[in-house]
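Q:
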Amino acid sequence: MNNKKIWIEEKLEIENGRALKVRITKSLEKIKSEFQEIEVVESQSFGKILLIDGVIMLTEADEFCYHEMIAHVPLCVHPKAQKVLVIGGGDGGTVREILKHDSVNEVDVCEIDEKVIEISKRHFPYLADSFDNSKVKIFCEDGNKFIKAHKDEYDVIIVDSSDPIGPAEVLFRREFYEAMYRALKDDGIVVTQAESFFYHKKIIKALFSFIKDIYPISEYYYTLVPTYPSGVIGFTFCSKKYHPVNNFNGTEALKLNDSKYYNRDIHKASFSLPTFAQNYKH
Ligand code: SPD
């Protein structure tokens, strides 16, 4: 992106001819890592924006809608999550939310691209400073390889990935979900970024075609993020024991007193899908 360009236009194969356009005012930094192109721009209405390969990862204005929901939903269902793994999440927003749960005493972060962490520390310290917490251990490794080396270890695994193109493609495959199952303790929960029910029916259906064979409980929930394609993004909820609504008593949720999106009602409501999307997980 150069300084003459005034719009970000996200055009992705998976968006099927649709694009999101955001007016930018300044290019702040752009680097090419071993894996991808990483950019930070200033925008007219959404504050700073982090892009990877031209795709919006987060904006300052609405990142909380995503990070609160990917972290608090599993951590308010699990009765005592102590050890948590984040795969991806190099901006630090998901870790910031996980650290709000007192039961958590270790957060391992497996981010393939150390440059994402570096650039986030420079431009989004209110997210990436979470990596300096003594409970956090960072592994700059391939998540697909990392997960195979861990067994019966995690209470909660959160996959905060980009889209299934490029380095994250492998994170949408059956073998990766099987490996996460083995890395979980007996009552563990996995939550993964799983795209929009408006635009990505094929991706969601493909995920559930194998998730439901692997995990006794598999559900889909969503959040609203204006700067993601269609304004909606969802998550898989894969669990060995706890159901996200039936085993949710709200006690942990009540302790979160600075959330801007997440609350007990949103937790339950986010699992209620529009009629057209209800069969995507069958
Ligand atoms: N279509 C873009 C989806 C990106 C989801 N992950 C963003 C990372 C924010 N921590």
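Counting from 1, one number per residue, gives the positions in the sequence shown under this note's numbering. In this text, a Cβ means the ideal position worked out from N, Cα and C, and glycines have one as well. Only a predicted model underlies this, so the values are computations on that prediction, with no experimental measurement involved.
Check V73 in the structure and name its three-state DSSP category.
A: If DSSP states are grouped into helix, strand and coil, V73 belongs with the helices.
Q: By the three-class DSSP mapping on this structure, what secondary structure does F139 have?
A: Three-state result, F139: strand.
Q: Taking a contact to mean a Cβ-Cβ separation below 7 Å, would you say I38 touches K115 in this structure?
A: Yes. Within cutoff.
Q: Is Q193 helix, strand or coil when you go by DSSP?
A: Reduced to three states, the DSSP call for Q193 is strand.
Q: Provide the residue span of the beta strand (DSSP E) that contains I24, from first to last.
A: I24 -> beta strand (DSSP E) spans A19 to K32.
Q: With distances taken between CB atoms, is the gap from D187 to K241 smaller than 7 Å?
A: Going by C-beta atoms, D187 is nearer than 7 Å to K241.
Q: Consider the C-beta atom of G143 and the heavy atoms of the ligand SPD; say whether any pair is separated by less than 6 Å.
A: No, the Cβ of G143 stays beyond 6 Å of every heavy atom of the ligand SPD.
Q: Between the Cα of A128 and the Cα atoms of S161, H150, D160 and G92, which residue gives the shortest distance?
A: Of the listed residues, the one whose Cα sits closest to A128 is G92.
Q: Cutting at 6 Å between CB atoms, please list the residues of its own chain near C110, excluding the five before and the five after it.
A: Answer for C110: I87, F139, E141, G143 and F146, listed in chain order.
Q: Which same chain residues end up closer than 7 Å to L207 when comparing Cβ atoms and leaving out the 5 residues on each side of it in sequence?
A: Counting only Cβ-Cβ distances below 7 Å, and skipping sequence neighbours, we find F172, A194 and T236.
Q: When you measure from the CB of D113 to every non-hydrogen atom of the ligand SPD, does any distance come out below 6 Å?
A: D113 Cβ: outside cutoff for every heavy atom of the ligand SPD.
Q: For H282 and K205, I'd like the C-alpha separation in whole angstroms.
A: The alpha-carbon atoms of H282 and K205 are separated by roughly 8 Å.
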